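Following: one structure in structure tokens, then a few remarks.
Number of protein chains: 2
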Amino acid sequence: MTENRIYNFNAGPAALPLSVLEEIQESFLSFKGSGMSITEISHRSKQFDDVINDAVARTKRLLNLGDNYHVLFLQGGASLQFCMIPMNFLPEGQSADYVNTGTWSTKAIKEVEIQNKKCETVASSDDRDYCYIPKNISFNKDAAYAHITSNNTIKGTQWDQFPNVGDVPLIADMSSDIMSKKFDISPFGMIYAGAQKNIGPAGVCMAIVRDDMLKRVPEDLPSMLKYTTYSSKNSMYNTPPCFAIYTIDLVLKWLEETVGGIEKIEEINRKKAGLLYNLFDTSEFFRGTADKDSRSLMNVTFRLPSEDLEQKFIKTAQENGFGGLKGHRSVGGCRASIYNATSLEAIETLVDFMKTFEKENG
Amino acid sequence: MTENRIYNFNAGPAALPLSVLEEIQESFLSFKGSGMSITEISHRSKQFDDVINDAVARTKRLLNLGDNYHVLFLQGGASLQFCMIPMNFLPEGQSADYVNTGTWSTKAIKEVEIQNKKCETVASSDDRDYCYIPKNISFNKDAAYAHITSNNTIKGTQWDQFPNVGDVPLIADMSSDIMSKKFDISPFGMIYAGAQKNIGPAGVCMAIVRDDMLKRVPEDLPSMLKYTTYSSKNSMYNTPPCFAIYTIDLVLKWLEETVGGIEKIEEINRKKAGLLYNLFDTSEFFRGTADKDSRSLMNVTFRLPSEDLEQKFIKTAQENGFGGLKGHRSVGGCRASIYNATSLEAIETLVDFMKTFEKENG
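The listed protein sequences derive, respectively, from chains A and B. Residues in the first sequence are numbered consecutively from 112, following my numbering. Residues in the second sequence are numbered consecutively from 112, following my numbering.
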């Protein structure tokens, strides 16, 4: 760990690769010899075109996307997508299927209902406080689309295999696990992700939309709320969030060139999560909160024997250079968010610390 | 000028104060000793609360805002506001007044019409290609609001005095001149500004909304499209664009503490623009395109005797370290955008260069 840096287990905004931060820092007063900061160059310049086009090209290579998929950069986070998705893809008279696996799914469903559009919650894990991913779901064959949250940051659950929805386009909020493991894009009509967990800073949302979905977009939507406005202008109908897109580009470059791609990061992510889950499975002191078959590789949620011990653990961890281990304010407990940029070494060091803490307090 | 930096006359994203860029650079790997980059800290942390609260407090002091005004940070740029304003503030059965002074006004009007809401263009300068600000406008006394674009980046015009609209709330897109000169906020129901010209980087839009306007917001709008969602959560209903807000805070700190406030920057801005307009008024070679009484202090648009000379001027300027002097792609010609962060020294050096160019090519 570089001097003065901590082990950052924040849930989002979250850790970024140190080499990416260093590159931003180094070139911050003059981007590629332009004599201007990346924050000062025109989005209509050749320099910025190269940045956004490189980010798109890297996304397509990393996720193995065909030409029928469009990589878009939007603002407003995943939360704005919650309302844009039904606006764009759910025609009057049709209904969409939603699986409710926690806070973010619930919010996505709420934004359909606010618009007086029809959706059906075809499965929910609210009966056990969202500690698992529902199985054997009956989706509607005539649904306009089926929506899932691929990873649940707050409850620490994740879809291991995506559900089979037949010909219905699948749509996934992948804010907290995009680019963390390999998956087949072909069932997906759209995936989207607020960048601030796995691929960049806050302030930009990546959306990957399939051709056939764009054909559904109604003509009469406000310009900034139509996906076609973004797809027809390479995400530059108006000034895009340049710095955030630039940072995404550097993170994806790091993922491709330094890490070695999605398969490689998946291998590392499985190893990282495994270290923590193995500890839970062999400890009476630390207890994972998610069902074993639904455990997230990204957000590892756990409890200690008492809330007092949890507070002591979080405080002692902080003093020892481990930040962000407090559970979400809505659920309490502890959580280690271990996105792509969190190193194996960081987890190993954390696990050592946890074992010591257990010895001293167990 | 610091080594390797150019004189940046970009229209937006635009120059930022060098001291701000240096502070960002210096603390980029560890924000205030946190061991995390500003891009890595939680938006729910005390650290980020301090940033956003400081940005709000500085805005209130600089613009002399009473407690009845709410300072909000949104995403999607001014362009998203174009559709949100009628959604939030224009009830069914009422009409809004718009003054059309160029591209951005035209786009704002279009977003009302897309929603099948009623608006009236009460004045327009399209008869002379938007080279002036209309005078003696008859506004409708029963309009829901009256909308203007305070400064027109593309055509280089600016409202010197704002129109008297009586009790009708005035709404202004101030993207390209917010914080550049003193004005009385009291007639305004709302002002808004994409940050990337005068107050920060691309990726955040500041909106200042008066209490009585918030009371109009319909309950049934999508959450992310309601101004009340932002006002009730200090702009943190979801993850805000943290880096952009942080940069705004530093720019406002520079404006308050280094420059000395709005009156001081206005004095400097008038001096800066004056140097260029004086040149036009005494030269047969450089010709300003805006009417004298409508000239912008922020975007100085001008022509040379021929398009060939304009191309040569832009190219030679670039070679001499002056960037961004090309006019907007929709109108051609030349433009020097001289926002707050552009120093008097930069303009003086540019004017010297222009005089030499005239001598050699006139």
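Don't be surprised by glycine CBs; every beta carbon is placed ideally from N, CA and C. Since the model is a prediction, treat every value here as computed from it, not as a measurement.
Mind checking aspartate 284 of chain A: buried by the 16 CB within 10 Å criterion, or exposed?
-> Looking at its Cβ environment, which holds 16 or more other Cβ atoms inside 10 Å, aspartate 284 of chain A is buried.
Assuming leucine 455 of chain A and cysteine 445 of chain A form a contact by the criterion Cβ under 8 Å, report the distance between their Cβ atoms to the nearest whole angstrom.
-> Contact between leucine 455 of chain A and cysteine 445 of chain A is absent: CB atoms are separated by about 20 Å, not below the 8 Å threshold.
Closest by CA to alanine 126 of chain B, which one among A/Val131, A/Leu140, A/Gln136?
-> Cα-wise, what sits closest to alanine 126 of chain B is A/Leu140.
Contacting residues, own chain, Cβ-Cβ under 6 Å from threonine 264 of chain B (five flanking each side not counted) | Here the set comprises Ala122, Ser287, Asn410.
Would you say phenylalanine 142 of chain B faces chain A, with C-beta separation under 8 Å as the test?
-> Among the residues facing chain A, phenylalanine 142 of chain B is not included, as its CB has no counterpart in that chain under 8 Å away.
Got a sec: which bits of the stretch 326 to 340 of chain A sit with their beta carbon under 8 Å from any beta carbon on chain B, in order along the chain?
-> So the close ones are Asp331, Leu332, Pro333, Ser334, Met335, Leu336.
Please check if any C-beta of chain B sits within less than 8 Å of the C-beta of leucine 461 of chain A.
-> Taking Cβ atoms only, chain B never reaches closer than 8 Å to leucine 461 of chain A, which makes this a no.
What residues of chain A sit near serine 148 of chain B, judged by a beta carbon separation below 8 Å?
-> Chain A residues near serine 148 of chain B: Leu127, Leu132.
Leaving out the 5 sequence neighbours to the left and right, which residues in its chain are closer than 8 Å to glutamine 158 of chain A when beta-carbon positions are compared?
-> Same-chain partners within the cutoff: Phe142, Lys143, Ser145, Ile152.
If the cut is a Cβ gap below 8 Å, which residues of chain B does arginine 155 of chain A touch?
-> By Cβ distance, chain B contributes Arg440.
Note down the Cα distance separating leucine 176 of chain A from tyrosine 256 of chain A, rounded to an integer number of angstroms.
-> Approximately 20 Å between the Cα atoms of the pair.
Pick from B/Tyr357, B/Tyr118, B/Val320 that is closest to lysine 337 of chain B, judged by C-alpha positions | Answer by Cα proximity: B/Val320.
With burial defined as no fewer than 16 other Cβ atoms inside 10 Å of the residue's Cβ, what is the status of arginine 172 of chain B: buried or exposed?
-> Arginine 172 of chain B is exposed by the Cβ-count criterion.
Return the Cβ separation of isoleucine 289 of chain A and isoleucine 196 of chain A in integer angstroms, given the expectation that the two are a contact with Cβ distance under 8 Å.
-> Not a contact, Cβ separation roughly 16 Å.
For threonine 358 of chain A, go through chain B and note every residue whose CB falls closer than 8 Å to its CB, in chain order.
-> Ordered by position in chain B, the residues that pass the 8 Å Cβ test against threonine 358 of chain A are Thr150.
Tell me histidine 258 of chain A's beta-bridge partners as DSSP assigns them.
-> Bridge partners of histidine 258 of chain A: A/Tyr209, A/Ile282.
Does phenylalanine 120 of chain A come within less than 8 Å of chain B when only Cβ atoms are used?
-> Output row for phenylalanine 120 of chain A: interface = no.
Could you have a look at cysteine 230 of chain A and say whether DSSP puts it in helix, strand or coil?
-> Of the three classes helix, strand and coil, the one that applies to cysteine 230 of chain A here is strand, per DSSP.
First through last residue of the beta strand (DSSP E) which encompasses glycine 385 of chain A = Note, glycine 385 of chain A: premise wrong, no beta strand (DSSP E); alpha helix (DSSP H) at 373 to 393.
Per-residue contacts from asparagine 349 of chain A into chain B (C-beta, under 7 Å) | Within chain B, the residues near asparagine 349 of chain A are Gly188, Ser190.
With 8 Å as the C-beta to C-beta threshold (strictly closer), list the residues of the stretch 154 to 176 of chain B near chain A in chain order.
-> Within the stretch 154 to 176 of chain B, His154, Arg155 place their CB atoms closer than 8 Å to a CB of chain A, listed in sequence order.
Complete runs of the alpha helix (DSSP H) confined to the stretch 439 to 473 of chain B [at least 4 residues] = Fully enclosed alpha helix (DSSP H) runs of 4 or longer: 455 to 472.
Could you please give me the residues that DSSP links to isoleucine 425 of chain B through a beta bridge?
-> DSSP, once it has assigned bridges, lists no residue as partnering isoleucine 425 of chain B.
Residues that leucine 332 of chain A bridges to, as DSSP identifies them = Partner(s): none; leucine 332 of chain A has no beta bridge.
Any idea which residues DSSP pairs lysine 437 of chain A with across the strands?
-> In DSSP, lysine 437 of chain A forms a bridge with A/Cys445.
Interface partners of isoleucine 225 of chain B on chain A, CB under 8 Å = The contacting residues are Asp331, Leu332, Pro333, Ser334.
Taking the continuous beta strand (DSSP E) assigned at arginine 414 of chain B, which residues delimit it?
-> Start and end: 410 to 414.
Which residues in the same chain as alanine 401 of chain A place their Cβ atom closer than 8 Å to its Cβ, once the five residues preceding and following it in sequence are excluded?
-> Contacts found: Cys242, Tyr243, Lys266, Gly267, Thr268, Ser407, Thr412.
Of the residues B/Ala428, B/Tyr209, B/Leu185, which one's Cα is nearest the Cα of serine 236 of chain B?
-> It is B/Tyr209.
Anyone know if the C-beta pair for serine 297 of chain B and alanine 254 of chain B falls short of 8 Å?
-> Cβ atoms of serine 297 of chain B and alanine 254 of chain B: not closer than 8 Å.
Within its chain, find whatever has a CB closer than 7 Å to the CB of alanine 166 of chain B; leave out the 5 residues flanking it on each side and keep chain order.
-> The residues Ile356, Ile359, Asp360, Leu363, in chain order, have a CB closer than 7 Å to that of alanine 166 of chain B in the same chain once the five nearest residues on each side in sequence are set aside.
Indicate the three-state DSSP secondary structure (helix, strand or coil) for methionine 112 of chain B in the structure shown.
-> Confidence at methionine 112 of chain B is low in this model, with a pLDDT of 47, below 50, so the placement of that residue should be treated as unreliable; the coordinate-derived value is given next. Looking at methionine 112 of chain B - three-state DSSP - the assignment turns out to be coil, as it is neither helix nor strand.
Would you decide whether methionine 112 of chain A is buried or exposed? Buried here means 16 or more other CB atoms lie within 10 Å of its CB.
-> No answer about methionine 112 of chain A holds up, because its pLDDT of 47 lies below 50 and its placement is not dependable.
Short CB-CB distance (under 8 Å) between asparagine 115 of chain A and chain B = So, interface residue.
Which one or two residues does DSSP pair with histidine 181 of chain B in a beta bridge?
-> Histidine 181 of chain B is bridged by DSSP to B/Val320.
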